[in-house]
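Residue numbers (this note's numbering): 43 to 343.
Structure, rendered in structure tokens:
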């Protein structure tokens, strides 16, 4: 069933978090309209309708639309993913980009239920496409649709993955460089929400945690508010940043930033290390890197 809801967008941790004012078939608009679909009933993309064959693949389990930003999520086998990749490559776009990331990956629906997925399609259009026009905004909000794949070598196996001709494959490292440059944007919205994007890359990377912690020095309070919300995602990995966070807390004058920063410090102090998860993540990163290095250039100049 598709729901149309009135949603309020909260600029927290770099994402547009949906706070439901009323769960129903139709309600009023606060910041913008949001719709979601569970299952794989046929749908039509608002932007890039030529990608409908990809959007409507039988493996789709969830999709949302918020102010023109369409996210579609799928669960399936490597064989199913290869079908999607072929359909994606067949669409006449200026650029076809596939991001390989270590599994698990998940999203949340409007009721905050977690939804794991094996790959996703990100299409940014409508009002949301304005983000791409801001200074370095396209570093976080790509102009063209992007496929992201969660590699676990169980459900999605690199050995069986076929990348079609004309498709560029990138990995977490490439996104990191792109996001780091985006964090230097002249636009506060890009820097603020960018901290959330960055914090979701690799929660086990201490260098990434340091980069997010540095954003607490930003001259804009709203950016610091987002950075304070994002740093907690690193949990135990951010432990070396605690002195920096406490120092930021001492000099911070904004109550909402202080509150969020205090909560992040509590989260980090209470977090336990997860050596097995770290080891698994690093192993998948190495496997993905090896796969990407073996790929010939797919996208012509």
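Every residue gets a Cβ at the ideal spot worked out from N, C-alpha and C, and that includes glycine.
All values reported here derive from a predicted model rather than from experimental measurement.
key: Beta-carbon contacts of residue 182 that lie in its chain and below 6 Å, excluding the five residues immediately before and after   = Excluding the 5 residues flanking it on each side, residue 182 has same chain C-beta neighbours closer than 6 Å at 224, 236 and 239, in chain order.
ask   = Would the beta-carbon of residue 245 fall within 9 Å of that of residue 276?
value = Their beta carbons are under 9 Å apart, which means residue 245 touches residue 276 by this criterion.
task = Report yes if the C-beta distance between residue 284 and residue 311 is below 9 Å; otherwise report no.
result = In this structure, residue 311 lies closer than 9 Å to residue 284 by Cβ.
request  = Run the CB neighbour count on residue 109, radius 10 Å, all protein chains shown included, and call it buried at 16 or more, exposed below.
outcome  = It is buried - the Cβ of residue 109 has at least 16 other Cβ atoms within 10 Å.
task = Count the other C-beta atoms from every protein chain shown that fall within 10 angstroms of the C-beta of residue 337, then say buried if there are 16 or more, exposed otherwise.
result = Residue environment: residue 337 is assigned as exposed (fewer than 16 neighbouring CB atoms within 10 Å of its CB, all protein chains considered).
ask   = Are the beta-carbon atoms of residue 165 and residue 93 separated by less than 9 Å?
value = Contact flag set, yes.
query = DSSP state of residue 245, grouped into three classes?
reply = In the three-state reduction of the DSSP assignment, residue 245 falls in the coil class, being assigned neither a helical nor a strand state.
query = Does the beta-carbon of residue 289 have 16 or more other beta-carbons within 10 angstroms, so that it is buried, or is it exposed?
reply = With fewer than 16 Cβ atoms within 10 Å of its Cβ, residue 289 is classed as exposed.
query = So, using beta-carbon positions, are residue 278 and residue 254 closer together than 9 Å?
reply = Contact flag unset, no.
ask   = Are there 16 or more other CB atoms within 10 angstroms of the CB of residue 219, so buried, or fewer, so exposed?
value = Exposed, because fewer than 16 other Cβ atoms sit within 10 Å of the Cβ of residue 219.
message = Does the CB of residue 237 have a neighbour CB from chain D at under 9 Å?
response = Here there is only one protein chain, and chain D is not present.
query = How close, in whole Å, do the beta carbons of residue 198 and residue 114 come, if the pair is a contact with beta carbons under 8 Å?
reply = At roughly 16 Å, the Cβ-Cβ gap does not stay under 8 Å, so residue 198 and residue 114 are not in contact.
inquiry  = At the level of alpha carbons, what is the spacing between residue 196 and residue 184?
reply    = The alpha-carbon atoms of residue 196 and residue 184 are separated by roughly 29 Å.
query = CB-CB under 6 Å to residue 90, same chain, minus the five flanking residues each way: which ones, in chain order?
reply = Listed in chain order, the non-local C-beta contacts of residue 90 below 6 Å within the same chain comprise 165 and 187, local neighbours out to five positions each way being set aside.
Contacts around residue 326, its chain only, beta-carbon distance under 8 Å, and the 5 residues preceding and following it disregarded = Leaving aside the five residues that flank residue 326 on each side, the residues in its chain whose CB is nearer than 8 Å to its CB run, in chain order, 144, 145, 193, 194 and 195.
task = Return the bridge partner residues of residue 164 from the DSSP annotation.
result = Bridge partners of residue 164: 113 and 188.
message = If I measure Cβ to Cβ from residue 262 and keep anything under 8 Å in the same chain, skipping five residues before and after, which residues do I get?
response = Correct list, in chain order: 230, 233 and 234.
ask   = Hey, residue 160 and residue 106: beta-carbon distance below 9 Å or not?
value = No, the Cβ-Cβ distance between residue 160 and residue 106 is not below 9 Å.
task = May I ask you to report which of helix, strand or coil DSSP gives residue 84?
result = Secondary structure at residue 84: coil, using DSSP grouped into helix, strand and coil.
request  = Taking 9 Å as the cut-off, decide whether the C-beta atoms of residue 189 and residue 217 are in contact.
outcome  = Remark: C-beta atoms of residue 189 and residue 217 do not approach each other more closely than 9 Å.
inquiry  = Here's a check: name, in chain order, each residue in its chain whose Cβ is nearer than 7 Å to the Cβ of residue 296, leaving out the five neighbours to either side.
reply    = Result list for residue 296: 263, in chain order.
request  = Tell me whether residue 183 sits in a helix, a strand or coil according to DSSP, three-state version.
outcome  = Three-state result, residue 183: coil.
Distance, residue 294 Cα to residue 259 Cα = Near 10 Å, if we compare the C-alpha coordinates of residue 294 and residue 259.
request  = Please go through the same chain and pick out, in chain order, the residues whose beta-carbon is closer than 6 Å to the beta-carbon of residue 141, but skip the five residues on each side of it.
outcome  = These residues qualify, in order along the chain: 190 and 212.
key: Assigned exposure category for residue 120 - 16 Cβ within 10 Å defines buried   = Within 10 angstroms of the beta-carbon of residue 120 lie 16 or more other beta-carbons, which makes it buried.
Straight-line Cα distance separating residue 158 from residue 147 = Here the C-alpha atom of residue 147 lies approximately 6 Å from the C-alpha atom of residue 158.
ask   = Taking residue 332 as the reference, which of 201, 111 and 88 has the closest Cα?
value = For residue 332, the closest C-alpha among the options 201, 111 and 88 is that of 201.
message = With DSSP as the reference, identify every bridge partner of residue 337, one or two as the case may be.
response = DSSP output for residue 337 lists no bridge partner at all.
ask   = How many whole angstroms separate the CB atoms of residue 299 and residue 270, which I take to be in contact at a CB cut-off of 8 Å?
value = Residue 299 to residue 270, Cβ: 5 Å. Contact.
query = Would you report the Cα separation of residue 68 and residue 78, rounded to the nearest angstrom?
reply = Confidence at residue 68 is low in this model, with a pLDDT of 29, below 50, so its placement is unreliable and the value that follows should be read with caution. Residue 68 and residue 78 have their C-alpha atoms spaced approximately 12 Å apart.
Contacts around residue 171, its chain only, beta-carbon distance under 7 Å, and the 5 residues preceding and following it disregarded = Within the same chain, residue 171 has close Cβ partners 110.
request  = Give the DSSP bridge partners of residue 106, in chain order.
outcome  = DSSP links residue 106 through a beta bridge to 78 and 113.
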